[in-house]
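S.K.:
Okay, structure coming up:
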């Protein structure tokens, strides 16, 4: 999922594959538009049960809530089921040398097998560091550091993905049907200063030609969607879970969803008091635009939600 600079003026990204993904995305969008049909919605939110995720930095500090949006056709059958939950799908790790759906593949396969239609997953505020709970709790790492060895297997992907699927269907099963849900979409452009020399180098020299400003800033889009009794806010990076909790608390929907890494992926997003604080936050601070990123995101998001 990453394509870091290689330290020699290049990068590890596969541009042909990136182009292919973009092209297939366009094909999928056009296919969806060609097959528009009337739909009703079911939307549910609850804490997901079972061993699914945890905070690698502080095990209990993560958002257990899962939100599910299911679109139903006129026949009452599922057209699509969207699962919104904060988790890094990285069970298999980075040493396998393959491109894998990880736990998201079994999640989608299980939902589609049980209710039909298409299953989709959209991440939440998964930064710093909300990951899959594939810990071997009977195998602590040496040194008494509070960390464990991991189970990096496809069976573990199946376990977590299928657990998520069962929880998603449980959560949405008793949600009332919304037959004529309102839809309102709003977006704003927000300027973020780039303090990080590393990220400024990426923005300035990326072969993707990221737009950037002369005052060493970037401009990202934040979207706000009101869909039936739900509100959806997008985050242009990986916000830490405390930011996610705060934004959800300030939103006004019966169900409040955060779509992380949308539309952009500008690193980790921390509050100014977390930025470069604990030694454990060194990595997420370095891979962040800067100290004020979280403050600006919160301020502009609340303005957007308030409107």
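Residue numbers (the numbering used here): 472 to 778.
Virtual Cβ for every residue (Gly too), placed ideally from N, Cα, C.
Quick caveat: nothing in here was measured; it's all calculated off a predicted structure.
(1) Rounded to whole angstroms, what's the CA-CA distance from residue 740 to residue 716? Just pull it up for me.
(2) Under the three-state reduction of DSSP, which class applies to residue 611: helix, strand or coil?
(3) Please indicate yes or no: does the CB of residue 566 lie closer than 7 Å to some heavy atom of the ligand ZN?
(4) How many Å lie between residue 472 and residue 600 at the Cα?
(5) Only counting the same chain, and skipping five residues up and downstream in sequence, which positions put a Cβ closer than 7 Å to that of residue 535?
(6) Since residue 542 is in the beta strand (DSSP E), which residue starts that stretch and which ends it?
(7) Among 516, 666, 751 and 509, which residue has its Cα nearest to the Cα of residue 737?
(8) Under three-state DSSP, which class holds residue 763?
(9) Does DSSP put residue 472 in a helix, in a strand, or in coil?
(10) Could you tell me the alpha carbon to alpha carbon distance between residue 488 and residue 699, rounded to whole angstroms?
(11) If you follow the beta strand (DSSP E) that residue 589 is part of, which residue opens it and which one closes it?
(12) Excluding the 5 residues flanking residue 586 on each side, which residues of the same chain have their C-beta closer than 6 Å to its C-beta?
(13) What is the residue span of the alpha helix (DSSP H) that residue 639 lies within?
(14) Does DSSP put residue 511 in a helix, a strand or coil?
(15) DSSP on residue 482, reduced to helix/strand/coil?
(16) Would you please state the rounded distance, in angstroms, between the beta carbons of residue 595 and residue 731? I believe it to be under 8 Å.
(17) Less than 8 Å between the CB atoms is what I'm expecting for residue 419 and residue 602, so what's the real figure, rounded?
(18) Measure how close the beta-carbons of residue 562 and residue 605 come, nearest whole angstrom, since I'm counting them as under 8 Å.
(19) Can you tell me which of the three DSSP states residue 571 falls into?
(20) What residue does the alpha helix (DSSP H) around residue 717 start on, and which one ends it?
(21) Identify which residue in 685, 556, 626 and 530 has its Cα closest to the Cα of residue 573.
(22) Would you kindly check if the distance between the Cβ of residue 693 and the Cβ of residue 644 is under 8 Å?
(23) For the region 647-733, list the beta strand (DSSP E) runs that are entirely contained and at least 3 residues long, ordered along the chain.
(24) Would you give the residue range spanned by the beta strand (DSSP E) that residue 556 belongs to?
(25) The alpha helix (DSSP H) with residue 753 in it runs from where to where?
(26) At the level of alpha carbons, what is the spacing between residue 650 and residue 503?
M.R.: Here's the rundown:
(1) 13 Å
(2) strand
(3) Here there are no bound small molecules, and the ligand ZN is not part of this structure.
(4) Here residue 472 scores only 46 on pLDDT, less than 50, and its place in the model is too uncertain to base an answer on.
(5) 518 and 519
(6) 536-543
(7) 666
(8) Looking at residue 763 - three-state DSSP - the assignment turns out to be coil, as it is neither helix nor strand.
(9) Here residue 472 scores only 46 on pLDDT, less than 50, and its place in the model should not be relied on; the value that follows carries that caveat. Coil.
(10) 36 Å
(11) 589-594
(12) 549
(13) In this chain, the alpha helix (DSSP H) harbouring residue 639 covers 625-644.
(14) strand
(15) strand
(16) 5 Å
(17) Here the chain covers residues 472 to 778 and nothing more, so residue 419 does not appear.
(18) Contact between residue 562 and residue 605 holds, with the beta-carbon distance rounding to 5 Å and staying under 8 Å.
(19) coil
(20) 712-721
(21) 626
(22) no
(23) 654-664, 688-698, 701-705 and 726-730
(24) 549-556
(25) Taken as a continuous stretch (DSSP letters only), the alpha helix (DSSP H) holding residue 753 covers 753-757.
(26) 20 Å
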